[in-house]
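Start counting the sequence shown at 0; every next residue gets the next number (numbering that gives the first Met the number 0). Glycine residues also receive a C-beta, built at the ideal position from the N, C-alpha and C atoms. The block underneath contains the structure these notes are about, expressed in structure tokens.
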Amino acid sequence: MSNFFKSALKRIFGGVKKEPSRTLGDESAKQVSARVIEPETPIILTIWTIEHNRYTAARALCTDVEIFSSEAISLCENINGYVLDTPNGENVVVEARTGSLVGHSLEVVRDGVREMSKGQLNTQLDTARKEFNRMKKFELSNDEFWKAIKMGCSETEITQDYQE
0 MSNFFKSALK
10 RIFGGVKKEP
20 SRTLGDESAK
30 QVSARVIEPE
40 TPIILTIWTI
50 EHNRYTAARA
60 LCTDVEIFSS
70 EAISLCENIN
80 GYVLDTPNGE
90 NVVVEARTGS
100 LVGHSLEVVR
110 DGVREMSKGQ
120 LNTQLDTARK
130 EFNRMKKFEL
140 SNDEFWKAIK
150 MGCSETEITQ
160 DYQE
């Protein structure tokens with residue numbers, strides 16, 4: 000038998016297999032195709048706001064939304080948020096860690112955040128989250144949630160009443 004046939008039979012029936020040579024171009028093509036093939040999975044985030052009346056906090060309204068972690072925007076040092084579009088065409092800003100609805104535009108939120116230290120901001124977010132957790136929650140559908148709140152210039156206004 001010729002050497003060609005011997006080497007072909009060895010490869011077919013378990014002889015020593017020779018790895019094909021790899022080039023840098025092959026590796027980068029595999030990495031690019033791997034990034035394109037794997038779609039990002041959405042995350043469910045509970046967003047919330049607390050309704051206030053003249054004297055005290057009244058109710059905690061919340062809903063679940065799907066977001067993508069790649070859409071996170073830096074609000075300040077190590078604090079991220081998401082800008083969400085509401086059904087009526089407005090934008091709202093939600094803090095990523097707590098889910099708190101923090102404002103009606105990214106510019107207004109960043110202006111407010113600039114005036115605070117990171118510690119003050121975290122304390123304020125954590126205090127609001129604790130207040131939210133102590134209250135009776137009204138879990139609404141997305142449509143009900145967006146209809147229930149109206150974003151004003153500086154804070155959230157509740158425009159719809161819900162039975163307790």
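Q) Leaving out five residues before and five after residue 95 in sequence, what residues of the same chain have Cβ atoms less than 7 Å from its Cβ? A) Walking along the sequence shown from the start, residue 95 turns up at place 96. For residue 95, where only same-chain residues beyond five positions count, the Cβ hits under 7 Å are 71, 79, 80 and 81.
**Q.** Cβ contact check for the stretch 85–93 and the stretch 124–138: 3 or more pairs under 8 Å
**A.** no
(Q) Need the endpoints of the alpha helix (DSSP H) that residue 122 sits in, please. (A) The residue labelled residue 122 in the question sits at position 123 within the sequence shown. 117–133 is the extent of the alpha helix (DSSP H) around residue 122.
Q) Thinking C-alpha only, which one of 104, 109 and 77 is nearest residue 90? A) Position 91 of the sequence shown, counted from the start, is the residue given in the question as residue 90. Here the closest residue by C-alpha is 104.
**Q.** Start-to-end residues for the alpha helix (DSSP H) that takes in residue 144
**A.** Walking along the sequence shown from the start, residue 144 turns up at place 145. Note, residue 144: alpha helix (DSSP H), 141–147.
Q) Which residue from 130, 61, 39 and 113 puts its Cα closest to that of residue 45? A) The count along the sequence shown starts at 1 and reaches residue 45 at position 46. The shortest Cα separation from residue 45 among 130, 61, 39 and 113 belongs to 61.
Q: Look up residue 156 in the DSSP assignment and say whether it is helix, strand or coil.
A: Position 157 of the sequence shown, counted from the start, is the residue given in the question as residue 156. Its pLDDT being 46, under 50, residue 156 is placed unreliably by the model, and the measurement read from it follows with that caveat. It is a strand residue.
Q. Would residue 42 be called buried (16 or more neighbouring beta carbons within 10 Å of its own) or exposed?
A. In the sequence shown, residue 42 corresponds to position 43, counting from 1. Per the 10 Å Cβ criterion, exposed.
**Q.** Distance CB(residue 164)-CB(residue 108) smaller than 8 Å
**A.** As shown, the chain starts at 0 and ends at 163. That puts residue 164 outside it, with no answer to give.
Q: Compute every distance between the C-beta of residue 104 and the non-hydrogen atoms of the ligand GDP, then say whether any falls below 7 Å.
A: As for the ligand GDP, it is missing from this structure, which has no ligand bound.
Q. Do residue 39 and residue 73 come within 8 Å of each other at the CB atom, strictly closer than that value?
A. The sequence position of residue 73 within the sequence shown is 74, counting from 1. The sequence position of residue 39 within the sequence shown is 40, counting from 1. No, these two residues do not count as a Cβ contact at 8 Å.
Q.
As an exercise, report each continuous beta strand (DSSP E) stretch of at least 3 residues that is fully enclosed by the stretch 42–115, in chain order.
A. 42–51, 56–66, 72–75, 78–84, 90–94 and 100–102
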